[in-house]
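Colleague:
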Amino acid sequence: MVGTDVRFDLVLLPGDGIGPEVIGAAEVVLGVVGDELRREGMALACVKHPIGGAAIDETGEPLPQATLEAALGADAVLLGAVGGPRWDSLGPSQRPEAGLLGLRQALEVYANLRPATMLDGLAERSPLRSESVGGLDLLLVRELTGGVYYGQPRGREGQGASRKAVDTMAYADNEIRRVAHVAFRAARRRRGRVTSVDKRNVLETSRLWREVVDEVAGEYPDVEVQHQLVDSMAMLLVQTPSAFDVVLAENMFGDILSDELGGIVGSLGVMPSASLGDSGRGLYEPVHGSAPDIAGKDIADPLGAILSVALLVEHSLELPWVARAIESAVQGALALGLRTPDIASGRAGERLVGTREMAGEVARLLAQELFTRQSLNGAYF
Ligand code: IPM
Ligand code: MG
Numbered sequence: 297m298v299g300t301d302v303r304f305d306l307v308l309l310p311g312d313g314i315g316p317e318v319i320g321a322a323e324v325v326l327g328v329v330g331d332e333l334r335r336e337g338m339a340l341a342c343v344k345h346p347i348g349g350a351a352i353d354e355t356g357e358p359l360p361q362a363t364l365e366a367a368l369g370a371d372a373v374l375l376g377a378v379g380g381p382r383w384d385s386l387g388p389s390q391r392p393e394a395g396l397l398g399l400r401q402a403l404e405v406y407a408n409l410r411p412a413t414m415l416d417g418l419a420e421r422s423p424l425r426s427e428s429v430g431g432l433d434l435l436l437v438r439e440l441t442g443g444v445y446y447g448q449p450r451g452r453e454g455q456g457a458s459r460k461a462v463d464t465m466a467y468a469d470n471e472i473r474r475v476a477h478v479a480f481r482a483a484r485r486r487r488g489r490v491t492s493v494d495k496r497n498v499l500e501t502s503r504l505w506r507e508v509v510d511e512v513a514g515e516y517p518d519v520e521v522q523h524q525l526v527d528s529m530a531m532l533l534v535q536t537p538s539a540f541d542v543v544l545a546e547n548m549f550g551d552i553l554s555d556e557l558g559g560i561v562g563s564l565g566v567m568p569s570a571s572l573g574d575s576g577r578g579l580y581e582p583v584h585g586s587a588p589d590i591a592g593k594d595i596a597d598p599l600g601a602i603l604s605v606a607l608l609v610e611h612s613l614e615l616p617w618v619a620r621a622i623e624s625a626v627q628g629a630l631a632l633g634l635r636t637p638d639i640a641s642g643r644a645g646e647r648l649v650g651t652r653e654m655a656g657e658v659a660r661l662l663a664q665e666l667f668t669r670q671s672l673n674g675a676y677f
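So the sequence shown is numbered by this note's numbering: it starts at 297 and just counts up by one.
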C-alpha cells in the first residue's frame with residue numbers, strides 16, 4: 297500500500313459573480329487530479345474561504361484575516377473572481393477588488409503569467425483572420441504587485457468643481473528586475489524572445505523599466521530582447537499577434553493588454569493565469585472577471601478556471617504530466633464540439649453546453665487520459 301506522505305493544501309476562493317460557478321467547475325477537475333495523486337501516493341486537500349464582495353457580506357471586509365491566513369499557509373490558491381455592482385459604491389479600500397489586490401501583495405506574487413494560445417476550433421471566434429491567429433502562442437508576463445495599482449500618494453480631495461484625484465506610478469529597480477528574470481527564464485524554455493512593453497517617451501518609470509530590462513537581458517545572451525511602446529504594442533497585437541513569444545509589461549499595461557489578448561483568442565473566458573513569487577506558493581485565477589450579468593445561469597465558461605488548475609498543477613504541485621493531461625482534456629472537449637455561449641460560433645458539429653456540462657466532460661476526458669497513461673506505463677514497465 298502506498299503511503300500519503302506528500303499532501304498538497306489548496307485554498308479555493310470562489311468570490312463573486314460567476315466566480316463560484318467556475319470554481320465549482322474547477323473542483324470537478326480537481327477531484328480527478330486528487331484521484332491521480334492518490335494513485336501516486338500523494339493527497340490533495342481543498343478548503344474554501346470567502347473573498348471580495350462575498351467576504352464583505354459575510355464579515356464586513358473584502359479580505360478577512362482567516363482567508364489571508366489560510367492562503368498564506370496553502371501550497372496554492374485558486375480564485376474565481378471578485379466584484380460586482382452591489383459593492384460599487386464602497387470606498388476604494390473597502391471594495392471587493394481591494395481584497396484581491398491585498399491578497400496578491402500579501403502573497404508577494406509579483407509575476408503574473410497570462411498565456412494566450414489559440415485553442416483548436418476557436419479561431420472562428422477571433423475577430424482577426426484565422427491566418428494571423430493560427431500560430432498564436434504568447435506568454436504575457438505582467439508585473440503584479442507594483443506600479444500605479446499600489447503607488448502612494450493616492451486619493452482624492454476637494455469638492456464640486458475643485459475635486460482632484462491622484463494615483464502614483466512608482467517602480468523600484470528590484471521590482472522590475474525580478475519580474476524581468478521571470479520573463480527571460482520563460483523565454484529560454486520557449487522560443488527565446490522577450491518583447492518588453494513601456495511608455496518611455498513619456499514616463500519616468502518606463503525609462504527605468506527599459507534600463508533595468510536591458511541590464512537583465514545582458515545575463516541572457518541566448519534570448520533576444522525587443523522593446524515596444526505600449527500604444528504601438530496594442531496595435532501590433534491585432535496586426536501580428538503570432539509574431540510574439542514572451543511579452544513583459546508593468547502592472548496596468550499588462551492588465552490592458554491581457555484583455556486585448558482575450559478578445560484576440562476568441563474569449564476572455566478561456567484565459568488562465570498564474571501569479572508567482574519566490575515562495576513557490578502561487579495564486580491562480582482565470583483572467584475573466586465576475587461577469588455579474590451572467591452569474592447564476594450556468595452559462596459561464598469554465599475553461600479559464602480549468603486551465604488555471606493546469607497552471608497550478610504545473611507550477612505549485614510540479615506535476616507537469618497532469619497539467620498536460622488537463623490541457624489535452626480541454627482540447628478534447630472542444631474537439632467533441634462542446635461550446636459555452638462565449639465560444640460558440642453556430643457551426644455544424646457544435647453543441648451548446650453549460651458550465652457544469654463542460655466541466656463534467658473535461659473531467660471525464662481527463663480521467664480517461666490519466667487512466668490510459670497508467671495502463672501504458674503498466675504495459676511498458
Ligand atoms: C485582472 C483584473 C483585476 C486587475 C481587477 C479585478 C482588480 O482586471 O486580474 O486583470 O485589474 O488586476
Ligand atoms: Mg484585467
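C-beta atoms are modelled at their ideal positions from N, C-alpha and C, and glycine is treated no differently.
Bear in mind the structure is a predicted one, so any value in this text is a computation, not a measurement.
Whose CA, out of ALA483, ALA402, LEU599, ILE552, lies closest to the CA of GLY573?
Modeller: ALA402
Colleague: Indicate, with yes or no, if ligand 2 has a heavy atom lying under 7 Å from the CB of SER554.
Modeller: yes
Colleague: When you compare the stretch 431-444 with the stretch 522-538, are there three or more beta-carbon pairs, one atom per stretch, that lie closer than 8 Å?
Modeller: yes
Colleague: Need the endpoints of the beta strand (DSSP E) that ARG452 sits in, please.
Modeller: 447-453
Colleague: Spatial neighbours of ALA367 within its chain, please: C-beta separation below 7 Å, excluding the five flanking residues on both sides.
Modeller: VAL307, VAL373, LEU399, LEU403
Colleague: Considering only residues of the same chain and omitting the five flanking positions on each side of CYS342, which have a CB-CB separation below 6 Å?
Modeller: LEU306, LEU308
Colleague: Take the Cβ of ALA457 as the centre, count every other Cβ of all protein chains shown within 10 Å, and call the residue buried at 16 or more, exposed below.
Modeller: exposed
Colleague: Mark PRO346 as exposed unless 16 or more other C-beta atoms lie within 10 angstroms of its C-beta, in which case mark it buried.
Modeller: buried
Colleague: Could you tell me which residues DSSP pairs with MET338 in its beta bridges?
Modeller: VAL302
Colleague: Can you give me the start and stop residues for the alpha helix (DSSP H) that GLN625 sits inside?
Modeller: Per the sequence shown, residue 625 should be read as Ala rather than Gln. Taken as a continuous stretch (DSSP letters only), the alpha helix (DSSP H) holding ALA625 covers 616-631.
Colleague: What residues are listed by DSSP as bridge partners for SER571?
Modeller: ASN408, LEU579
Colleague: Does the beta-carbon distance from ALA466 to GLY454 come in below 8 Å?
Modeller: no
Colleague: Kindly identify the DSSP beta-bridge partner or partners of GLU520.
Modeller: ARG489
Colleague: Assuming ALA625 and PRO568 make a contact with CB atoms under 8 Å, what is their CB distance in whole Å?
Modeller: Not a contact, Cβ separation roughly 14 Å.
Colleague: Three-state secondary structure (DSSP) at ALA644?
Modeller: If DSSP states are grouped into helix, strand and coil, ALA644 belongs with coil.
Colleague: Skipping 5 residues on each side, what residues in its chain have a beta carbon closer than 8 Å to that of THR464?
Modeller: VAL444, GLY447, GLN448, PRO449, ARG450
Colleague: Beta-carbon distances below 5 Å to any heavy atom of ligand 1 define the shell here; list its residues in chain order, please.
Modeller: GLU393, ASP551
Colleague: Which of the three DSSP states is assigned to ASP463 in this structure?
Modeller: strand
Colleague: What's the gap between the Cα of LEU603 and the Cα of GLY559?
Modeller: 17 Å
Colleague: Short check: CB of GLU439 to CB of TYR406, under 8 Å?
Modeller: For the pair GLU439 and TYR406, the CB atoms are nearer than the 8 Å cut-off.
Colleague: With a threshold of 16 other CB atoms inside 10 Å of the CB of MET654, please say whether the residue is buried or exposed.
Modeller: buried
Colleague: Is it true that the stretch 513-533 meets the stretch 421-428, where meeting means three or more beta-carbon pairs spaced less than 8 Å apart?
Modeller: By the Cβ criterion, the stretch 513-533 is not in contact with the stretch 421-428, since fewer than three pairs of Cβ atoms, one from each stretch, lie closer than 8 Å.
Colleague: Can you check which of these residues, GLU581, GLY585, LEU661, GLY642, is closest to ARG620 by C-alpha distance?
Modeller: LEU661
Colleague: Tell me the rounded alpha-carbon separation between VAL329 and SER612.
Modeller: 13 Å
Colleague: Is GLU439 helix, strand or coil when you go by DSSP?
Modeller: Secondary structure at GLU439: strand, using DSSP grouped into helix, strand and coil.
Colleague: Output the boundary residues of the beta strand (DSSP E) element that contains GLY376.
Modeller: For GLY376, the uninterrupted beta strand (DSSP E) segment begins and ends at 372-377.
Colleague: With VAL296 as the anchor, note down where its beta strand (DSSP E) starts and where it stops.
Modeller: Residue 296 cannot be examined here, being either before or after the span of the chain that is shown, 297 to 677.
Colleague: Is the Cβ-Cβ distance between LEU608 and GLY565 less than 8 Å?
Modeller: no
Colleague: Should VAL280 and ARG635 be called a contact, given that it needs their Cβ atoms to be closer than 8 Å?
Modeller: Residue 280 lies beyond the range of the chain shown here (297 to 677); nothing can be said about it.
Colleague: Would you kindly check if the distance between the Cβ of ASP594 and the Cβ of THR668 is under 8 Å?
Modeller: For THR668 and ASP594, no; Cβs fall outside 8 Å.
Colleague: Whole angstroms are fine: how far does the CA of GLU610 sit from the CA of PRO616?
Modeller: When rounded, the distance between both Cα atoms is 5 Å.
Colleague: For THR312 versus ALA377, is the C-beta distance shorter than 8 Å?
Modeller: Per the sequence shown, residue 312 should be read as Asp rather than Thr. For ASP312 and ALA377, yes; Cβs fall inside 8 Å.
Colleague: Assuming GLU610 is part of the alpha helix (DSSP H), what are its boundary residues?
Modeller: 599-611
Colleague: To which residues of the same chain is PRO588 closer than 7 Å at the C-beta, ignoring the five residues directly before and after it?
Modeller: GLY313, GLY380, PRO381
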